[in-house]
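Trainee:
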Amino acid sequence: MTDAPPLILASASPRRLALLQQIGLDPDHLMPADIDETPQRLETPRALAARLAREKAAAVRQLVDRDPDLKPGLVLSADTVVAVGRRVLPKAEVSDEAMACLSLLSGRGHRVFTGLALSQPDGKTRAKVIETRVRFKRLSRKDMDDYIASGEWRGKAGGYAIQGLAGSFVIKLAGSYTSVVGLPVAETAALLSGAGYPVHRNWADTAA
């Protein structure tokens with residue numbers, strides 16, 4: 366088996382962890398970044414996703430560099446932003462926020478931007494933003510009320526989780542499905558490969 370540097374995921378998201386594991390990658394450490402995610406004045410949704418991913422990677426890199434065992438590692442971070450036009454939708458924490466998001470998304474298209482950043486021990490950061498277009502069906506009041514009652518929306522950008530019950534609302538998607546879930550796996554694998562990380566090293570172990 367090829368030796369690999371430690372892989373540190375700068376997130377506590379179980380969805381991002383599961384997506385990494387889906388392609389045979391199991392991070393050595395989970396180190397969620399604690400940063401201010403407030404959009405800056407006139408900041409576009411794409412720029413916001415890019416900035417937050419980079420800031421998360423930088424924040425965790427500062428911690429990693431203090432540990433000799435982790436310093437050679439790669440820090441992977443991501444941030445997902447849901448937007449209608451230039452309007453950034455919140456990560457819904459209360460039902461009123463979720464209902465406002467669903468009402469806005471009903472019957473129309475929106476964009477999901479996921480920023481990726483990979484901080485290397487040499488000080489370089491590889492970064493990318495993935496854009497996916499999603500369209501919801503027209504939601505009835507019952508659709509929205511039942512979804513709010515499920516609680517699935519809590520803490521989700523745009524007030525929904527495409528990999529769950531809200532998948533039944535999606536009538537069109539152009540781009541990366543896994544990016545909408547929270548981590549575009551093809552682009553993540555490409556970033557890691559570009560940094561010399563052996564992305565496929567565990568694939569033989571997953572064979573049935």
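What the sequence shown shows, in this note's numbering, is residues 366 to 573, in sequence order.
Beta carbons are placed, not taken as given, at the ideal position from N, Cα and C, and that holds for glycine.
#1: Near residue 495, which residues of its chain fall below 6 Å by C-beta distance, leaving aside the five closest residues on each side in sequence?
#2: In or out: residue 407 buried (at least 16 other Cβ within 10 Å) or exposed?
#3: So, helix, strand or coil for residue 366, using DSSP?
#4: Threshold first: 3 residues or longer. Then list the beta strand (DSSP E) segments lying entirely within the region 511-560, N to C.
#5: Using C-beta distances below 6 Å, list every residue in its chain close to residue 445, excluding the 5 sequence neighbours before and after it, in chain order.
#6: Can you have a look at residue 536 and say buried or exposed, based on whether 16 or more other CB atoms are within 10 angstroms of its CB?
#7: Whole angstroms are fine: how far does the CA of residue 526 sit from the CA of residue 499?
#8: Which whole-angstrom value is the C-beta distance of residue 448 and residue 410, which I expect to be below 8 Å?
#9: Taking Cβ positions, are residue 422 and residue 375 nearer each other than 9 Å?
#10: Residue 420 bridges to which residues according to DSSP?
Mentor: Considering the structure as presented:
#1: 479, 541, 544, 549 and 552
#2: exposed
#3: With a pLDDT of 41 at residue 366, under the threshold of 50, the predicted position of this residue should be treated as unreliable, though the coordinate-derived value follows. The answer is coil: DSSP assigns residue 366 none of H, G, I, E or B.
#4: As far as the region 511-560 is concerned, its whole beta strand (DSSP E) runs of at least 3 residues are 535-539.
#5: 479, 522 and 547
#6: exposed
#7: 12 Å
#8: 4 Å
#9: yes
#10: Answer is none; residue 420 lacks a bridge partner.
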